[in-house]
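J.: Structure in structure tokens, see below.
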Amino acid sequence: MFNEGDYDGRATAGELGRRVVSDRHPSSLRAPVPYCTRSQLVQYQDASGTEVATAHQYLQPDGTLGASGRPDPKRILKDGVLYVAWWGTSLGQM
Numbered sequence: 555m556f557n558e559g560d561y562d563g564r565a566t567a568g569e570l571g572r573r574v575v576s577d578r579h580p581s582s583l584r585a586p587v588p589y590c591t592r593s594q595l596v597q598y599q600d601a602s603g604t605e606v607a608t609a610h611q612y613l614q615p616d617g618t619l620g621a622s623g624r625p626d627p628k629r630i631l632k633d634g635v636l637y638v639a640w641w642g643t644s645l646g647q648m
């Protein structure tokens, strides 16, 4: 669902806004990312500022995304329905 909607690509193209709502060091030392990587929660917004999706990402010091290399979707608002990823699931494959 997240991949099909191309939320990250649309934000990069300027069609959607992107706002970091949480930015901290990874909470787990087991996270497979380099030192000084940031654990971020990113909100994607339409032109009116309404949240259309939220995803987690590891932003590495070199500017690339860690782990899978793509944002991990957590919430998507589509056609008035809010979809929320439960533990162990991914909205990217729904």
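Take any residue in the sequence shown, note its place counting from 1, add 554, and you have its number in our numbering.
For glycine and all other residues, C-beta sits at the position ideal for the given N, C-alpha and C.
(1) Enumerate in chain order the residues of its own chain whose CB-to-CB distance from P588 is below 7 Å, with the five nearest sequence positions on each side excluded.
(2) Please find out if some non-hydrogen atom of the ligand ADP comes closer than 7 Å to the beta-carbon of V635.
(3) Name the DSSP beta bridge partners of Y612, please?
(4) Suppose contacts are defined by Cβ-Cβ distances below 8 Å. Is A609 in contact with D633 by that definition?
(5) Spell out the partners DSSP gives P627 in its beta bridges.
(6) Compute the Euclidean distance between the alpha carbons of E558 and S576, then round it to the nearest angstrom.
(7) For a test of the three-state rule: what should DSSP assign to R578, helix, strand or coil?
T.: Taking the coordinates as given:
(1) The residues are Q614, P615.
(2) Among the components modelled here there is no ligand, and therefore nothing to report on the ligand ADP.
(3) Answer by DSSP bridge pairing, in chain order: S593.
(4) No.
(5) Paired residue(s): A609.
(6) Cα to Cα, E558 sits roughly 25 Å from S576.
(7) In the structure shown, R578 sits in a strand (DSSP, three-state: E or B).
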